[in-house]
Every structure is written in C-alpha cells, then in structure tokens.
Amino acid sequence: MQVHNFEKVWLGAAILLIVGFIATISYGTVGAGISMVDDSGGQISAEAVQNGNTGTAFDDPGVVQESEDNVVVYVVAQQFQFRPGSGDTPIRVPVDTRVTFKVTSADVVHGFAVTETNINTMVIPGQVAEVTAVFDETGTYGLVCHEYCGAAHHTMGGSVEVVPQDQYEPQEVSN
Amino acid sequence: MVFVDEYPKTSKLIRSQFIVSFVALALGALFGIVQALHRTGTLRIISSADYYTILTGHGVLLALVFTTFFIAGLFAWAVSNSLERELPQRVSWSAFWLMLFGTVLAAVAIIGGLIGAPSILGHDLKADVLFTFYAPMKAHPAFYVGAALIIVGSWLAGYAYFKSLWNWRSENPDERIPLKTFMVVTTMLMWYISTIGVAVEVVALLIPWSLGLISSVDPLLTRTLFWYFGHPVVYFWLMPAYLVWYTILPKLAGGRLFSDPLARVVFVLFLLLSTPVGFHHQYVDPGIPEGFKFIAMTNTMFLLLPSLLTAFTVVASLEHGARQNGGKGYFSWLRNLPWGEPAFAGCALAGLMFAAGGFSGMINAGMNINYLIHNTLWVPGHFHLTVGTAFALTAMAISYWLVPQITGKKLQRRSLAVVQPYVWFIGMALMSNAMHRAGLAGIPRRTAEPMYSEFSFEGVAGTVGEMRLQIAIGGTLLFVGAALFLVVMAETWLAHRGGRLQVNSVFPDPLSGPEHSPRILDNYKLWTAIALVLIVIAYGPPLAAMLADGIAVPGSPPIPV
C-alpha cells in the first residue's frame, strides 16, 4: 500500500494528539483526583423510594452529618421536584467541607446538576448516584434537572445554599 | 448518458426515498423554528408542555426519517452507479414501504400528543419521549412499533446492496470492489451491528412494556441498549457524508481523489470502532463501573483517527482540484475552488463546520471534562454542527447535483441554490456558537423554559440575553435555508425534462487507485469479526452484570406517583 509522506506525518500527528487527549484525561483521574460517577452508590428499589419504605435515609431525605468531616445529602428526585432542593427547602451545606450527594429517583430518569460546579449526574430509577464535592465559596448555587422528565420538566429546579460552617445545621424533609 | 435513462427503475426508487426524506425535512424544520423561538421567548405559539412533543417530532423526523430515507436513496445511487446495474427491485421496494409505514405510525403517535392524546387501543396516543426513547418515559405502542419498522426496513434496504454486490462479484471475480460500493457495504455492516441494541430494546422490552404485557423494565438496561445504538447512529449519518466528500467532492472541485486506499482504511476503522463507544453517553450514569467508561473513552478518542485522516485526504483532493484550476500559493489556492457552485459550496462548508463540531465532540468524549457540559445546551450546539450540518448540508448540497440526474430535469432557481448553503452556514454559526457558550454557563438542553425561580444563569462569554438572540436569529436563518432548498427541489421536480443538465456522473480516477490497497481491506468477514470482539470486550461484562439480577431488576416504578 502506497502511503504518501505527508500522509505519514499527518497520521503520526493525529495519533499523538489522540494519545495526548487520553493522557490528559487519565491525569485528571489519577493526578487531579476527578473520579467518575460509578456504581458505588449501589441499587435501591424505586418503588420503595416512592412509598417511603426503603429503610434508608431516602425515606426522610435531607442533610445528614455522617461523620465529623463528611456531610451527606440524600435527595429524592421525582416529577417535578427535588426533595430537598426545590421550593422552600433549599439544600443547605457548610463551606469548605466534604459533601457527598446521594441522589435517587422515585419515578423516571432525571438529571441533577449544580450550576458553576462539576456536580452533574443522571438520576436513574433503581440506582443511587453518588457525587462528592467541596464548596470553597459561600453563596446560592442553582440546581437543575437536565433530563427531560415529563410535561412540567422545565419547572424542576432548586438551589443549594452554601453557608459558613457556624451557621450550618442538618436538615430533614418530611413528605 | 444520464443516470435516469440508464437505470430508470432505480431512479424511481431513489425519487420516492428522496420525496419522503424532503417532506420529513420540511416538517422537522418547521418544528425546529417553533422551538428556537419558543425557548428563547421570542415568539410563543405553543404551550410549554407541548414543547416536548414538538421536540420529539423535530428529533425523530430529522435524525431518523430525513436521514434514513436520504441515505437509502444516496446508497441506491452509489451502488447502482458504481456496480453499473439496477438494484434488485422487489426487496428495495419492500424496504421502502416498510420504512414508510413505520414512519407514518411513529408520526401519528407523536402528532397525537398535539391533539390532546386521544385514547387509541387502550393507550393514550402520544409519544413525547424525545428521540432518546428510553424507559420509563412511555410512548404509545404505535411509536415503538413504527421505530422498529423503520429500522427493519433499513436492514432490508441494505440487503439489496449486498445482493447487488454478490451478483457483481460472480461476474467480476478478480476485480476490486468499487470504492462507492465498498463504502456503502462497510457502512451497512456497521449499521447492522449497531442497531442490534435498539432492536432488542424496542422489540424485546419497550413494545411488550408499552402494551402492558410486562409491568416494568430496568431503566439503566434500556438506556444502555439505546446508547449502544445511539452513538454508532451518528456514524450512520456521517459515513454517507464522507462517501460524498471522498467520491463526488474532489470531482466537483475539478480534481481527483487523493488516495483510494486510505479512504478504504478510514471506512474499515469506522466499522471496527463505531459501536463499542456508547458508554461515553453514560459517563455520568450511576450503576456503571468507572473502568467500562474508561474503555469507552479510549475507544472514542481513537475514533478521531478516521476523521482526522479524512480531513487530510479530502483537503488534499480539493487542493489538487484547485491547482488544476490555476491555484497557487500555500493558501490562496482556496480562491480557485468553485465557491459559486451550490453542490460544491454546500459540501465544503459542511466539511468546514464539521471540523468545529469534531473539536466540541472531543470535549464531550473527554470523560471528566464532560462533567462541565453533560446535558447542557453545549450538546445540541455540538450535534447541530455534525448531524445538522455535516450530514444535512451535505445531503442538501449533493441533491443539487443528484436530483437532476435521477429526474432528468435541469436544476431550477439556481440563484436560490447558490445562496442556500451560505444561509445555512451563517445561521448555524450563530445558533451553534451561542448554544456552546450557553452550555458552558450551565444552561440545560431539552427544556421549554430555561429560567428558574430559584436562581439565574450568568453568561461565561457574553450575556445570556445576547446568546438567546443569536439562537433565535440563527434558528430563523436555518429555517429559511431549509425553505430555500425545498423551493429549489420542488420547482426542479415539477419542471419539464430537457435541456443540458450541467451535471454528470462520470468520475475521474483517484491519484492513488484501488490497485495500491491491500486485498485484505476487502475481507469483510475479518473486519466484522474484529468489530464484534471489540463490542464483546466493551459491552459483555457490564451487560452481563445488568442482566445477572434479572432482566427487569431494578425495575421501573408505576408512574405517575
């Protein structure tokens, strides 16, 4: 097969570019510690989430101080709200603290994205999505469902309030 | 001799496929402008709840119907032209009617949503499930049956190409497969392999579930099966555009294809690498271990290779053409290309925009960079450059060249045809750059009202208001571009036969011909086998894990709550 010299140079450069991309991303994972959403959250019965009888914190979702330096936020997404998060129950977490979001769905597939951050995950019935973040600035962040979930999908928003550590207290939401 | 006189039966087939394709384009474009104006708050003629029905129609009509019918027509021409024979008629027409019937079923189900979702056969007639129709959002069974028939029809259409190739082979046992047929067959092999996923999803899970025969399905499993098909399908759109760029565009530029062997290598690479990449749409899905996402990411990145090789070969061919026309210098040869020729200008502009789309695609494929833009407006910004320009503009442009040959009629309204690709290009430049930037600001895709009561978005470069304006203007220009194309096509179709067509199907030989390519490239069995092995590596373990606990576990709950 006849391959022109220019073609060979181009082919080499193309492969170098691709390997470079893979290396950058691998560095992000290993060096910078950006881990992917994966199966660490485990599975859950979506029907039990719907009925509030899972026997887990999802039955009474909210912010839980699980250890001294780890705050866990349990969120149930359902047509068309986040519990907590939407309306008059914003998610309230402390600044400069490791926050783990555990999100699951009571009905269809939803999205869970916090604006201006890397927090972005799908919420799939039967699965628990787990993402960890540290907010280093106080303020209000937007919370968006970005996966179409029904006729009123566009009303499914909310907010995350990051407050100074001394103003923070765990919250629970009752249905 | 004109194609229609040489192959009248195949010409009639292509004309029928193109008509359906263009009707889908007209409706899809109409739905598109309704959305662009609604979402940007410019003009609101539908309710925000109906927005999703319109969006489903836009996605299905353009991404599935317009593309599949156009590709069927283009491939019928490519095989017939390069093997010098009529396509087998009975199987081709059966495929056409099956696809059309499926289209009508799906369209009726979608439109039902706009007329109050009447109950038909015990189910609400609606299908506002978007183009990505995974559970547990549920559509009327007619939608799923329709989608299945379109795909089965496309399989049958492919059988006609294989049959032509076998017949040709028995008469020409020692010749190399002509390049156009080689590309069609490689694309169809890729399509067969990749549509298995959606066929299983629709036939085994969604149809029985929507009919109420099974009470629940595993949402993650249906997503995975959908995306198994959902990324390769974009190569099913892209490879026909590449076929045009490799085989017709160099000739339109006044030159010859630079390298036939490399074109074959590119298509084989697509066959091998296209399918095991679907997990990159599921980077942020829970329930899938990180390792599988990493394998898909590596594979996706290597899929850049055939496109980068294409960039070289196609640009080299164009440069050769421009230099034949007297082009000089490092870059000034670009001026010697026929920019006033609608077929050439459309394909070249489509290729240029595809380069930009390719770069934003690399961001999507970048596993952890993807966090920033997943499901934001960046994503439709990206695929309007690829499907919406690389494919759609190429399809429209090459119609200016192809339709005269399959109708025997001279292209009418040439002046409109000359400006049309530029209108599309400018409209897409405005809409797509604004969508990309809005995505960086976190504005989500697929929403009728991107404004929330709890907070507001802040623009990253430029304001949100300015992006909105660009999307509205760009969307309007795109609608005008589609309308211009349809006017030219309608008048050409209705014109009388006769006169000089100004186009022909005679192809100059490539600078480096098929005799330089190793024979192993024609070994489809080998490539198909390797492709399947790669798929088993990428999909075997995760699918086995999802199925191990039962096909419907964890299941979908009853909806609504």
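Chains as they are written, first to last, in numbering that gives the first Met the number 0: chain A, 0 to 174; chain B, 0 to 560.
No residue lacks a Cβ here, since even glycine has one placed at the ideal position from N, Cα and C.
When CB distances to chain B are screened at a threshold of 9 Å, the residues of the stretch 127-152 of chain A falling below it are Val127, Ala128, Glu129, Val130, Thr139, Tyr140, Gly141, Leu142, Val143, Cys144, His145, Glu146, Tyr147, Cys148, Gly149, Ala150, Ala151, His152, in chain order. In terms of beta-carbon proximity, A:Leu10 lines the interface with chain B, with at least one pair separated by less than 8 Å. Taking a beta-carbon distance threshold of 8 Å, B:Glu289 counts as an interface residue toward chain A. Contact between B:Asn367 and A:Thr28 holds, since their C-beta atoms are separated by about 6 Å, short of 8 Å. Between A:Ser158 and chain B, the shortest Cβ-Cβ separation is below 8 Å. Per DSSP, the beta-bridge partners of A:Gln64 are A:Val70. Between the beta-carbon of B:Ala156 and that of B:Ala71 there is about 5 Å, and that keeps the pair under the 8 Å contact cut.
Just measuring C-alpha positions, the residue of B:Val463, B:Leu113, B:Phe95, B:Asp49 sitting nearest B:Thr446 is B:Asp49. Taking a cut-off of 8 Å on C-beta distances, the stretch 62-73 of chain A touches the stretch 95-108 of chain A, as three or more cross pairs fall below it.
Chain A places no beta carbon closer than 8 Å to that of B:Thr39, leaving this residue out of the contacts. Against chain B, the beta carbon of A:Thr53 has no neighbour under 7 Å; the closest one sits roughly 12 Å away. Taking a beta-carbon distance threshold of 8 Å, A:Gln1 counts as an interface residue toward chain B. Under the three-state reduction of DSSP output, B:Asn369 falls in the helix class. Looking at B:Gly345, B:His319, B:Cys346, B:Leu348, the one whose alpha-carbon comes closest to that of B:Asn335 is B:His319. Put simply, of B:Trp154, B:Phe130, B:Tyr158, B:Val487 the residue whose alpha carbon is nearest the alpha carbon of B:Pro87 is B:Tyr158. The stretch 132-144 of chain A makes no contact with the stretch 295-304 of chain B; the number of CB pairs closer than 8 Å stays below 3. Going by beta carbons, B:Tyr133 and B:Glu85 fall outside the 8 Å limit. The C-beta distance from B:Leu542 to B:Pro275 rounds to 12 Å, too long to meet the 8 Å contact threshold. Against chain A, the CB of B:Leu308 has a partner CB under 8 Å away; the residue lies at that interface. Here B:Gly498 is near B:Lys409, since their CB atoms are less than 8 Å apart.
Within chain A, the C-beta atoms nearer than 8 Å to that of B:Ala48 come from Ala150, Ala151, in chain order. If you draw a straight line from the Cα of B:Ser452 to the Cα of A:His153, it is about 11 Å long. The beta carbon of B:Val33 lies closer than 6 Å to those of Ile53 in the same chain, with the five residues before and after it left out. When DSSP states are grouped into helix, strand and coil, B:Asn374 belongs to the coil group. When DSSP states are grouped into helix, strand and coil, B:Asp123 belongs to the strand group. Around the Cβ of B:Ala460, a 10 Å sphere holds fewer than 16 other Cβ atoms; the residue is exposed.
Listed along chain B, the residues sitting closer than 9 Å to A:Thr28 by beta-carbon distance are Glu289, Phe293, Met366, Asn367.
Between B:Thr180 and B:Leu82, the C-beta spacing is below 8 Å. Under DSSP, B:Pro443 shares a beta bridge with B:Thr375. Residues of chain A whose Cβ lies closer than 7 Å to the Cβ of B:Leu219 are, in chain order, Ile123, Gly125, Gln126. At a beta-carbon threshold of 8 Å, the residues of chain B lying near A:Val36 are Tyr282, Val283, Asp284, Pro285, ordered along the chain.
At least one beta carbon of chain B lies nearer than 8 Å to the beta carbon of A:Ile17. With contacts defined as CB atoms closer than 8 Å, B:Met352 and B:Met450 fail to qualify as a contacting pair. Residue environment: B:Gly121 is assigned as exposed (fewer than 16 neighbouring CB atoms within 10 Å of its CB, all protein chains considered). B:Ser209 has a beta carbon lying at 8 Å or more from every beta carbon in chain A.
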